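Input: a single structure, listed below in structure tokens.
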Amino acid sequence: MGTVLWCLEQWSQERFTNAAECEAAREQLTPTEWRFVRMGCSLNNEDCSGTDYYCEKLQNLSQRIECFQGRKKAPWLEPNSDGCIVSVDWDERCHGSQAWCETERMIESYGSSQTCLGFRQPRAAPRKSPFKSPLVVCIGDNDQTEDCMGTEVFCNRLNNSDQALACVQSRSKPWFAVPYSATCDGILANLHHEGCRGTDDWCRSQDSIRLYGSEAACRSFRRGDKPNGLLWRPPVTNCTAKDEHCLGTDTACGKLQYPNLIAACYSAREKPPFSRRNSEDCFKLGLDGEAYWDDERCVGTVFWCQKRWSPKFESEAACRSHRILPYAFNGRKVPWVQTSNSFDLCPVSSEECMGTEEYCGSLLDNERVMQCYEQRELMPFFPRNHPECRGKMFPNRFETCRGTKEWCDDAMILQRFYGGRTENCLKFREKNTLEEAQLPWQYGSGSNKCYDGDEECLGTEAFCVQTGKLHGVKACLEKRKRPPLLEPDSTQCPPAEKGRDQRRPAKKERDERCMGSEAWCLAWDFIYGNYPDCIAHRGLNLVSYRETIEKMLVPRVSEAVLKGATNVTANGALLQIVVRNGSVADARTTAEADRKLFLDEIEKRLEAMVVNGIDRALK
Numbered sequence: 001m002g003t004v005l006w007c008l009e010q011w012s013q014e015r016f017t018n019a020a021e022c023e024a025a026r027e028q029l030t031p032t033e034w035r036f037v038r039m040g041c042s043l044n045n046e047d048c049s050g051t052d053y054y055c056e057k058l059q060n061l062s063q064r065i066e067c068f069q070g071r072k073k074a075p076w077l078e079p080n081s082d083g084c085i086v087s088v089d090w091d092e093r094c095h096g097s098q099a100w101c102e103t104e105r106m107i108e109s110y111g112s113s114q115t116c117l118g119f120r121q122p123r124a125a126p127r128k129s130p131f132k133s134p135l136v137v138c139i140g141d142n143d144q145t146e147d148c149m150g151t152e153v154f155c156n157r158l159n160n161s162d163q164a165l166a167c168v169q170s171r172s173k174p175w176f177a178v179p180y181s182a183t184c185d186g187i188l189a190n191l192h193h194e195g196c197r198g199t200d201d202w203c204r205s206q207d208s209i210r211l212y213g214s215e216a217a218c219r220s221f222r223r224g225d226k227p228n229g230l231l232w233r234p235p236v237t238n239c240t241a242k243d244e245h246c247l248g249t250d251t252a253c254g255k256l257q258y259p260n261l262i263a264a265c266y267s268a269r270e271k272p273p274f275s276r277r278n279s280e281d282c283f284k285l286g287l288d289g290e291a292y293w294d295d296e297r298c299v300g301t302v303f304w305c306q307k308r309w310s311p312k313f314e315s316e317a318a319c320r321s322h323r324i325l326p327y328a329f330n331g332r333k334v335p336w337v338q339t340s341n342s343f344d345l346c347p348v349s350s351e352e353c354m355g356t357e358e359y360c361g362s363l364l365d366n367e368r369v370m371q372c373y374e375q376r377e378l379m380p381f382f383p384r385n386h387p388e389c390r391g392k393m394f395p396n397r398f399e400t401c402r403g404t405k406e407w408c409d410d411a412m413i414l415q416r417f418y419g420g421r422t423e424n425c426l427k428f429r430e431k432n433t434l435e436e437a438q439l440p441w442q443y444g445s446g447s448n449k450c451y452d453g454d455e456e457c458l459g460t461e462a463f464c465v466q467t468g469k470l471h472g473v474k475a476c477l478e479k480r481k482r483p484p485l486l487e488p489d490s491t492q493c494p495p496a497e498k499g500r501d502q503r504r505p506a507k508k509e510r511d512e513r514c515m516g517s518e519a520w521c522l523a524w525d526f527i528y529g530n531y532p533d534c535i536a537h538r539g540l541n542l543v544s545y546r547e548t549i550e551k552m553l554v555p556r557v558s559e560a561v562l563k564g565a566t567n568v569t570a571n572g573a574l575l576q577i578v579v580r581n582g583s584v585a586d587a588r589t590t591a592e593a594d595r596k597l598f599l600d601e602i603e604k605r606l607e608a609m610v611v612n613g614i615d616r617a618l619k
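Heads up: the sequence shown begins at 1 in full-length UniProt numbering, then just goes up one per residue.
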């Protein structure tokens, strides 16, 4: 009822002598706030009808003035102020305080427009009201307010274009919006929301041009520059919200329905990574069933674009081309990684474990696979059975075992990783210099715990034997520098092991550096086919040496022996006949005996000369 009406009717019940005394007692109390009209309630209540309408019902002017005086002064309002209810005629927030107090109704209620203005706070410098976006769902009669319909629709209802523009300009400028911005909220019923359509498309609409006068004027009323390079967001598992952070950029932009809006939505974000198939990691993240097949990070970009390109892109190729490789090396290339010998058991699908070929090849798109390779350093050109070969059980899986030449001629390898072309494979290898430089010879560590294919541990000969074929063993040995011919060296042998059967050689005694090359080749001649070839591989070709001796020495020795034997025989025969007066038979017997002694002596001397020569040669 308010104080005035209350005291007129109830002063005696409160034991006052009159109504004025009742009101005077309440003047000490804090005045109540000035009220404005609201919808959906009883007009008999000041909170609903507003202070002006409530006090207006008092018949006596002095009583109305006392009613107004019992409230705090109303704030000064500009036309179309915040809270204006479009469908209500007596809302001061729509008219503005100046125009409101100049209406006949308010002059009659207050006695004059000046008295009405006196109950308003002084007019302060204009302060812009916030710019409001439309709500999708409004409750009750709130659909007639700016809070519900949004600032632009609220102002555009005015018939006068100047008033409509002034209404908008009295609000703070909104931010420039990209398609499916944070204010979109995922509700895209008719795209009647700048935050969903984006400022560019919004300002091209007829309603915007009618309100602002032009498309350019509409854009200039926005704050900030047009955003670009916003983060690309992947979908979040088990998230039910409708914003981009939850849905992911791909799904959010796809909801915009129209190709031009989808394209604008994508162009405002950074390009997403070109994903390789990553089944293992996705299952570890708990993505299974439908969620797995809906996640590009799991199935890979190639499969994703095959199934999901429409209607977001013009074609499957356009979908793939919108992705970029997820590597940023700032122009610096990273090393090429060889496949691990246990890549089938990799804990995660990392390049360090899978190797560069498997890792880049899982991108599946040939152009992106080549781009991935180009960001790596060149790989060495490997010979067959290189020391880094680690795959005795499955040597065909490893380039270090098969050699680069055979690897880059394999049709299956080329199809999987290099677009079916040998030149693409060789392009990412260093120049073949295998004929110019040989690999070192390894003697091995003597350990029984060597990994398959570890030449440094096994030793070169044991490593090459793993090929299983004699011609393969010889080809493998020829790729290494030839070892020297070694004398036995006890310093290379370990001390006797405690408790070891002394009849069996120690591990280190199976080392050529300990045994010496002669004993080693007697034990391992099968690797070379025979003992002389083993010795020859160490620089002493016994067959060639024998042939050289026979070719150079035998004819000369034979001639000298024949000449010497002839002289000895002739001298003995002559001595027997002339000096001793012997018979011819005696002369023949003497000559044969002298010749035998001569040849025995020659053989002894030749043997001593050969042994001495060999010893000197070996030293």
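The C-beta atom is built at its ideal place from N, Cα and C for all residues, glycine as well.
Because the structure is a prediction, the values reported are computed rather than measured.
- [ ] Starting from Phe68, trace the alpha helix (DSSP H) both ways and give me its first and last residue.
- [x] Leu61 to Gln69
Open item on the list: Measuring only the C-alpha atoms, how far is Gln306 from Lys173?
Closed with: 43 Å
- [ ] List the DSSP bridge partners of Ala74.
- [x] Arg120
Open item on the list: Going by C-alpha to C-alpha distance, which of Tyr54, Cys116, His193 and Arg120 sits closest to Gly150?
Closed with: His193
Open item on the list: Short of 6 Å in beta carbon distance, which residues of its chain neighbour Lys508, apart from the five on each side in sequence? Order them along the chain.
Closed with: Model confidence at Lys508 stands at a pLDDT of 46, short of 50, so the residue's coordinates are unreliable and nothing is read from them.
Task: Backbone secondary structure at Trp90 - three-state DSSP - done: Coil at Trp90, not helix or strand.
Open item on the list: With H, G and I counted as helix, E and B as strand and the rest as coil, what does DSSP make of Pro273?
Closed with: strand
TODO: Could you work out which residue in Trp202, Gly229, Ala585 and Pro234 is closest to Ala216 when comparing CA atoms only?
DONE: Trp202
Task: Cα-Cα separation between Gln10 and Trp90, rounded to whole angstroms - done: Roughly 30 Å between the two C-alpha positions.
Open item on the list: Using 8 Å as the threshold, is the C-beta distance between Arg197 and Leu261 below it?
Closed with: yes
Task: Identity of the residue in Asn541, Ala593 and Asp533 nearest Thr566 by Cα - done: Ala593
Task: Chain-order list of residues whose beta-carbon lies under 6 Å from that of Thr249 (same chain, five-residue window excluded) - done: Trp232, Arg233 and Arg269
Task: Option in Pro130, Glu66 and Thr400 with minimal Cα separation from Phe381 - done: Thr400
Open item on the list: According to DSSP, is Ser49 part of a helix, a strand, or is it coil?
Closed with: helix
Open item on the list: Determine whether the beta carbon atoms of Gly300 and Arg332 lie at a separation below 8 Å.
Closed with: no
Task: Which residues DSSP lists as bridging Met379, in chain order - done: Arg429
Open item on the list: In this structure, how does DSSP classify Leu439 when only helix, strand and coil are distinguished?
Closed with: strand
Open item on the list: Using C-beta distances below 7 Å, list every residue in its chain close to Cys55, excluding the 5 sequence neighbours before and after it, in chain order.
Closed with: Arg64, Cys67 and Phe68
- [ ] Tell me, please, whether the segment 95 to 105 touches the segment 39 to 48 by the rule of three or more beta-carbon pairs shorter than 8 Å.
- [x] no
TODO: Rounded to whole angstroms, what's the CA-CA distance from Arg429 to Ser362? Just pull it up for me.
DONE: A direct Cα-Cα distance of roughly 20 Å separates Arg429 from Ser362.
TODO: For Asp294, collect the residues of the same chain with a Cβ closer than 8 Å to its Cβ; drop the 5 residues on either side in sequence, then sort them by chain order.
DONE: Around Asp294: Pro235.
TODO: Examine the Cβ distances between the segment 106 to 117 and the segment 158 to 165 and report whether three or more of them are shorter than 8 Å.
DONE: no
- [ ] With a threshold of 16 other CB atoms inside 10 Å of the CB of Val37, please say whether the residue is buried or exposed.
- [x] buried
Open item on the list: So, under 8 Å CB-CB, Glu314 and Pro387 are touching, yes? Tell me the CB distance rounded to an integer number of Å.
Closed with: At roughly 52 Å, the Cβ-Cβ gap does not stay under 8 Å, so Glu314 and Pro387 are not in contact.
Open item on the list: Give me the residue from Ser208, Phe131 and Cys184 with the minimum Cα distance to Leu247.
Closed with: Cys184
Open item on the list: Measuring alpha carbon to alpha carbon, tell me which residue in Leu61, Arg171, Ser181 and Thr51 is nearest Ser129.
Closed with: Arg171
TODO: Identify which residue in Leu378, Val4, Asn396 and Leu458 has its Cα closest to the Cα of Leu426.
DONE: Cα-wise, what sits closest to Leu426 is Leu378.
TODO: Please name the residue in Gln114, Ser49, Gln415 and Asp511 whose C-alpha comes closest to that of Arg35.
DONE: Ser49
TODO: Could you check if Thr17 is buried or exposed, using at least 16 other CB atoms within 10 Å of its CB as the buried criterion?
DONE: exposed
Open item on the list: For Gly111, report the span of its alpha helix (DSSP H) as first-last.
Closed with: It is not in any alpha helix (DSSP H) - Gly111 carries neither H nor E in the DSSP assignment.
Task: Residues bridged to Ile324 [DSSP beta-bridge criterion] - done: Ile324 pairs with Pro273.
TODO: Confirm, please, whether the CB-CB distance from Ala519 to Pro484 is below 8 Å.
DONE: Pairing Pro484 with Ala519 gives a Cβ-Cβ distance that is not under 8 Å.
Task: Neighbourhood of Cys121 by C-beta distance below 8 Å, restricted to the same chain and skipping five residues each side - done: Checking the displayed sequence, the identity of residue 121 turns out to be Gln instead of Cys. If we look at Gln121 and ignore the five residues flanking it on each side, its Cβ neighbours are Lys73, Ala74, Pro75 and Trp76.
- [ ] Take the Cβ of Cys41 as the centre, count every other Cβ of all protein chains shown within 10 Å, and call the residue buried at 16 or more, exposed below.
- [x] exposed
TODO: Throw me the rounded Cβ distance for the Glu406 and Arg384 pair, which I believe falls under 8 Å.
DONE: Yes, they are in contact, since the Cβ atoms of Glu406 and Arg384 sit about 7 Å apart, within 8 Å.
Open item on the list: Is it buried or exposed, Tyr258, if we count other Cβ atoms within 10 angstroms and call 16 or more buried?
Closed with: exposed
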